[in-house]
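Here the sequence shown stands for residues 4 to 309, where the numbers follow my numbering.
Glycine residues also receive a C-beta, built at the ideal position from the N, C-alpha and C atoms.
Note sheet for the following structure.
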Amino acid sequence: MANDLREAVERRTEGQSEATTGVVTPVRGLYLVRRTSPSELEHTVVQPMVCLVLQGCKRVSTGSGSASYAAGDTMIVTGNVPTVSRITKASVTNPYLALAFDLDLSVIKDLVTHAPEVHSRPSGKGTHDELRDALRRLVLLLDRPESLAVLKNGLIREIHHWMLLGQQGPAIRHLGLPDSNARRIAKAVKILRANYAKPVQIERLAAAASMSRSGFHQHFRAITSLTPLQFQKQLRLIEARRLIVSSGKILSQIAFEVGYESASQFSREYTRMYGRTPTRDKRATTSADQRSFPSTRSTITPDCPR
Numbered sequence: 004m005a006n007d008l009r010e011a012v013e014r015r016t017e018g019q020s021e022a023t024t025g026v027v028t029p030v031r032g033l034y035l036v037r038r039t040s041p042s043e044l045e046h047t048v049v050q051p052m053v054c055l056v057l058q059g060c061k062r063v064s065t066g067s068g069s070a071s072y073a074a075g076d077t078m079i080v081t082g083n084v085p086t087v088s089r090i091t092k093a094s095v096t097n098p099y100l101a102l103a104f105d106l107d108l109s110v111i112k113d114l115v116t117h118a119p120e121v122h123s124r125p126s127g128k129g130t131h132d133e134l135r136d137a138l139r140r141l142v143l144l145l146d147r148p149e150s151l152a153v154l155k156n157g158l159i160r161e162i163h164h165w166m167l168l169g170q171q172g173p174a175i176r177h178l179g180l181p182d183s184n185a186r187r188i189a190k191a192v193k194i195l196r197a198n199y200a201k202p203v204q205i206e207r208l209a210a211a212a213s214m215s216r217s218g219f220h221q222h223f224r225a226i227t228s229l230t231p232l233q234f235q236k237q238l239r240l241i242e243a244r245r246l247i248v249s250s251g252k253i254l255s256q257i258a259f260e261v262g263y264e265s266a267s268q269f270s271r272e273y274t275r276m277y278g279r280t281p282t283r284d285k286r287a288t289t290s291a292d293q294r295s296f297p298s299t300r301s302t303i304t305p306d307c308p309r
């Protein structure tokens, strides 16, 4: 791992809030992350992105399995997938450092259109040298704003190019094809995210994806590792967790707001997902000692398990 990249991320994140989403940069979709202690579980719904770990370690779980990522490892997400992640190695003297970069579907579409014969080549979990170098050069340009304005678009295209050549290239390529199953399911996911509090209408989702009902179920699960109902449940509980932490609303109001008609069902499913009752979490948020509240975080924004 290039020391100048790690040092640049460490310097630019020093003294910044250790937010789950990371430190925003002048480059749209590029975030820098610093955490000085291991975390509790963090629930997110992730949009297509690449995350490069520079120091420390994080474990990430999706419906298809779990993996640990250490310095030099890259995680690439190719669909809107609910994830559970936890930083397992971080300290004040050796913080967890990472950078995250959201994939731009318009760039992927353009590259696929103009280079249709590009084929991916095998690679392991360790970061691909060319991809790592392109990300490194983009981060280092943050210190040279006059050059960043001129060079960033070319570097962004280069980053997407190397991802298309990597192990996840075929899946990323499908994001740029208008009639691919990935793009069709993405349309259904967009509807689910916007209407998570309403009953799931499979016919509407299947129609948005231009698929039969049975075909939609099959492809939705293949891409997200969840059924539409399971996906919706995670969206509801992630939003409920956010409201418990950030709003003064009572639990019954929160349950109703995210789509539950039964408070007891909400409590059961919340406890199953987070390992503690919503009442306990609500009590912790209203406690005078805010430091006693667990650091589990939730978001249904396009966040990355950073």
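Here residue 58 is bridged, per DSSP, to 100. By the Cβ neighbour-count rule, residue 232 is exposed, with fewer than 16 other Cβ atoms within 10 Å of its own.
The shortest C-alpha to C-alpha distance from residue 279 to any of 251, 265, 240 and 158 is the one to 240. Of the candidates 47, 43 and 59, the residue whose Cα lies closest to the Cα of residue 9 is 59. Minimum Cα-Cα distance from residue 46 among the listed residues 77, 75 and 90 corresponds to 90. Measuring C-alpha to C-alpha distances from residue 285 to each of 268, 161, 261 and 249 identifies 249 as the nearest. Our two residues, residue 159 and residue 31, have alpha carbons roughly 10 Å apart in a direct line. Scanning the stretch 177-221 from its first residue to its last, the whole alpha helix (DSSP H) runs of 4-plus residues come out as 184-197 and 205-211.
If you check the CB distance, residue 281 and residue 145 do not come in under 8 Å. With at least 16 other beta carbons inside 10 angstroms of its own, residue 244 counts as buried.
Judged by DSSP secondary structure, residue 77 falls outside any alpha helix (DSSP H) and instead within the beta strand (DSSP E) spanning 77-80. Non-local C-beta neighbours of residue 256 in its own chain, meaning closer than 7 Å and more than five positions away in sequence, are absent. Counting along the chain, residue 157 sits inside no beta strand (DSSP E); it lies in the alpha helix (DSSP H) bounded by residues 148-168. DSSP, read as helix, strand or coil, puts residue 11 in helix. Going by beta carbons, residue 114 and residue 169 fall outside the 8 Å limit.
Residue range 132-143 is occupied by the alpha helix (DSSP H) that includes residue 142. Just measuring C-alpha positions, the residue of 68, 93, 242 and 16 sitting nearest residue 196 is 242. Cβ atoms of residue 33 and residue 15 stay farther apart than 8 Å, at about 11 Å. Using a Cβ-Cβ distance cut-off of 8 Å, the stretch 36-55 and the stretch 71-88 are in contact, since at least three pairs of beta carbons, one from each stretch, lie closer than that value. Bridge pairing for residue 68: 65 [DSSP]. Bounds of any beta strand (DSSP E) do not take in residue 280, whose DSSP letter is neither H nor E. Going by beta carbons, residue 194 and residue 207 fall inside the 8 Å limit. With a contact defined as Cβ atoms closer than 8 Å, residue 106 and residue 11 miss out at about 22 Å.
A Cβ-Cβ contact shorter than 8 Å links residue 213 with residue 187. Counting every other CB atom within 10 Å of its CB across the protein chains shown gives residue 65 a total of 16 or more, marking it as buried. No residue range can be given for residue 252, since it is assigned to no beta strand (DSSP E) and is classified by DSSP as neither H nor E. In the DSSP assignment, residue 114 falls within the unbroken alpha helix (DSSP H) covering 108-117. Excluding its 5 nearest sequence neighbours in each direction, residue 112 has C-beta neighbours in its own chain below 7 Å: 179, listed in chain order.
By the neighbour-count criterion, in which a residue is buried when 16 or more other Cβ atoms sit within 10 angstroms of its Cβ, residue 155 is buried. Comparing alpha-carbon positions, the option among 201, 211 and 153 lying closest to residue 181 turns out to be 211.
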